[in-house]
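Numbering (my numbering), first residue to last: 199 to 621. Beta carbons are placed, not taken as given, at the ideal position from N, Cα and C, and that holds for glycine.
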Amino acid sequence: MIPELRRQFNERFTDDRYRTLLNLMEHRCRMRVDYRIAETPVFLSPALLNQMAVAGSDLARTLIQNPECLAAARKAIPAGYDVAGQTPHPNFLTADFALVREAGGQLAPRLVEIQAFPSVYGYQLALSDCYREAFALPQGLNSLLGGLDETGYWRLLAQTVIGGHAPENVVLTEIDPTHQKTFPDFQVTSDRLGIPIVDIRSLKPVGNKLYYRDTGGRQVPIHRIYNRAIVDELIARDVQLPFDLGHPWEVEWAGHPNWYFLISKFSIPWLCQPPGSHPVVPPAAFLDKFLDGSGRQALLKAGVDIPASTGPNTVYSQLLLKPLFSFAGKGIQFDPTQELLESIPVERRSDYLLQQRMRFEHTIDTPRGMTQAEIRILFLWPDNGVLTPALSLVRLGRGKMMGVDHNRNQEWVGASAAFFPES
């Protein structure tokens, strides 16, 4: 944290400036943003952001170079959702970090989760720009990573999403996109890249190709899909797509759907043990391994405080129970009991993990009290390109969880952005 910038921001804050921020975002997104935008950005040191960016890159490469892990993760892909034409690497990667206080007193990042799925790349840059304008942030503060400027950022995002095709032949797909919370991001992305937003349920197969209808009713061939439809939601809503995902269609995927499973919370137990162990990864074990004893022993060996008792009322206050494939914190259980763990059917236990609970350090001094931050590093990895940390996303909160849905009816919390002083 940078105390002087924090102090200056708090002193200069006014409600009018905050309303300006919201109005600017509504203008940029061409709609009202339904989830809460925080009153403040955060100010971080370049060294801390770089530490998270390097860790995320290292973890991604570790996983991609681990065929045993990828083979195990592939088994978790539900029947009917193993998509043809898998790319050699994901095009998008996000790594979420908590800030904890180490024994020596210094702040250090700890991995919350890693996911090879697109995030709000358009919206987040718009939010950073609007913070800068609404609050007249000091010159010399940057929000872009990887040595990018704004022109370079959009060029890299276009290269990753469009891949050299004509924009009209690239579609951003989602289920019922206009009613998704992420629709503001879709609008910003569509406006900037010139690609249409299309309901994935409306794609039409003809021969070996997929088509969509444009606003004029013309049937247009699709060469590349920027997929934002999450498999969890497809399954939960029992969506029957008009095309077989497993068929080798003549189409490219920007963000191939298989990577959603191959790099996810499933990866964390693999990353906290040799040979791929990394100091930013907290200890974790799959639920089935924990209950058979081997996972319990691994967590104890890693220094996690676990009760000796295994009675039904035993509470694991140092562990979080997480479903492997869920979004926005759905299904996470704090203080799970032995009874809860054993209530999960045997055949489902490999779909959950137990992870050491991290105590987020309250680091952001606000007029409503000290606030904690979760920081997401957004990476871009174009076809035949290099993995690049491009931007960060911040969630501020004072609740048990950091998602905007878990910090309602509070102020100085919600979606935010990070700035750092340029050298």
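Under 8 Å, do L518 and I530 count as touching if we go by C-beta distance?
-> Going by C-beta atoms, L518 is nearer than 8 Å to I530.
Would you say the segment 305 to 325 touches the segment 457 to 468, given that touching needs at least three Cβ pairs under 8 Å?
-> Judged by pairs of C-beta atoms under 8 Å, the segment 305 to 325 touches the segment 457 to 468, as three or more such pairs exist.
Start-to-end residues for the alpha helix (DSSP H) that takes in R399 | Note, R399: premise wrong, no alpha helix (DSSP H); not H, not E.
Three-state secondary structure assigned by DSSP to R593 | Reduced to three states, the DSSP call for R593 is strand.
Please report how far the alpha carbon of V544 lies from the alpha carbon of T508, in whole angstroms.
-> Cα-Cα distance, rounded: 17 Å.
So K499 and Q553 are in contact, right, with Cβ under 8 Å, and what is the actual spacing, rounded?
-> Taking a contact as a CB-CB distance under 8 Å, the pair K499 and Q553 does not count as one, their CB atoms being some 15 Å apart.
Spatial distance of N607 from N511 (CA atoms) = A direct Cα-Cα distance of roughly 33 Å separates N607 from N511.
Work out the CA separation of P534 and S541 for me, nearest whole Å.
-> Taking the straight line from one Cα to the other gives about 11 Å.
Alpha-carbon spacing of I562 relative to L354, whole angstroms | Computed Cα separation, rounded: 31 Å.
Leaving out five residues on either side along the sequence, give the residues of the same chain with a beta carbon under 7 Å from the beta carbon of V437.
-> Within the same chain, V437 has close Cβ partners I373 and R399.
Length of the line joining the Cα atoms of G597 and I360 | Using only the alpha carbons, I get a separation of about 38 Å.
Using 8 Å as the Cβ pair cut-off and three pairs as the minimum, do the segment 470 to 483 and the segment 270 to 290 touch?
-> Between the segment 470 to 483 and the segment 270 to 290, the count of Cβ pairs shorter than 8 Å is below three; the stretches do not touch.
Among the residues of its own chain, which have a CB less than 7 Å from the CB of E448, if the five just before and after it don't count?
-> Result list for E448: N406 and K407, in chain order.
Local conformation of R580 per DSSP, three classes = The sequence shown places Pro at residue 580, not Arg. Collapsing the DSSP output to three states places P580 in coil.
Taking 8 Å as the threshold, find out whether the segment 388 to 397 comes into contact with the segment 232 to 239 through three or more Cβ pairs.
-> Contact between the segment 388 to 397 and the segment 232 to 239 is absent, because fewer than three Cβ pairs lie under 8 Å.
Extent of the continuous beta strand (DSSP E) run through L291 = Run containing L291: F290 to R299, per the beta strand (DSSP E) assignment.
Got a sec? Which residues, its chain only, sit under 6 Å from P244 by beta carbon, not counting five neighbours each side?
-> Result list for P244: F618, in chain order.
Using CA coordinates, which residue listed in H421, Y351 and K379 is at the minimum distance from V369?
-> Nearest C-alpha to V369: H421.
Is it right to say I433 is buried, meaning 16 or more other beta carbons lie within 10 angstroms of its own, or is it exposed?
-> Answer is exposed; the Cβ neighbour count stays below 16.
Tell me, which residues are paired with Y409 by DSSP?
-> The partner list for Y409 (beta bridge, DSSP) reads K402 and P419.
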